[in-house]
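Under my numbering, the first residue of the sequence shown carries the number 5, and numbering increases by one thereafter. No residue lacks a Cβ here, since even glycine has one placed at the ideal position from N, Cα and C.
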Amino acid sequence: IDEANVVVRGGELLSGVLDKAAFGATDFGLVHAVHELIGGKPAGDLLTQLGRLLTGYQQMHGHTCGIADLILTPSSDVSRADILGRADAVGNKAAAQIV
5 IDEANVVVRG
15 GELLSGVLDK
25 AAFGATDFGL
35 VHAVHELIGG
45 KPAGDLLTQL
55 GRLLTGYQQM
65 HGHTCGIADL
75 ILTPSSDVSR
85 ADILGRADAV
95 GNKAAAQIV
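This is how it looks when you write it as structure tokens:
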């Protein structure tokens, strides 16, 4: 089975993988083929339905990142400051060897 070549007959996926190469903005991708064979309106409808499908999937299986996930804890901030302090010392030592 060749995953690179997508074969759809009668609305059924017979072989291949529907990934970014098949859906994306590539020559001879799915949207391009629909546009060339059937027209602009069906290609636009396909993009709308794909957007709805993939948005639904993302809502069901996606992960979120809220502001609370981005805030450093106090202990992490201490570790960060320590690492940056050591990095300054290493940088200064390397610069002194060059000069």
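C-beta contact flag for residue i and residue j at 8 Å
i: L34; j: V11; result: no
i: A47; j: H39; result: yes
i: R84; j: L74; result: no
Closest by C-alpha distance to residue i, when choosing among the options
i: V21; options: D73, I87, M64 and D6; result: D6
i: F27; options: L58, L76 and I75; result: L58
i: G15; options: D92, A8, G43 and L50; result: L50
Residues that DSSP places opposite residue i in a beta bridge
i: V11; result: S19
The region 50-58 in contact with the region 20-36 per 3-pair CB rule at 8 Å: Using a Cβ-Cβ distance cut-off of 8 Å, the region 50-58 and the region 20-36 are in contact, since at least three pairs of beta carbons, one from each stretch, lie closer than that value.
4 or more residues per run - each alpha helix (DSSP H) lying fully within the region 24-64: Fully enclosed alpha helix (DSSP H) runs of 4 or longer: 24-27 and 34-41.
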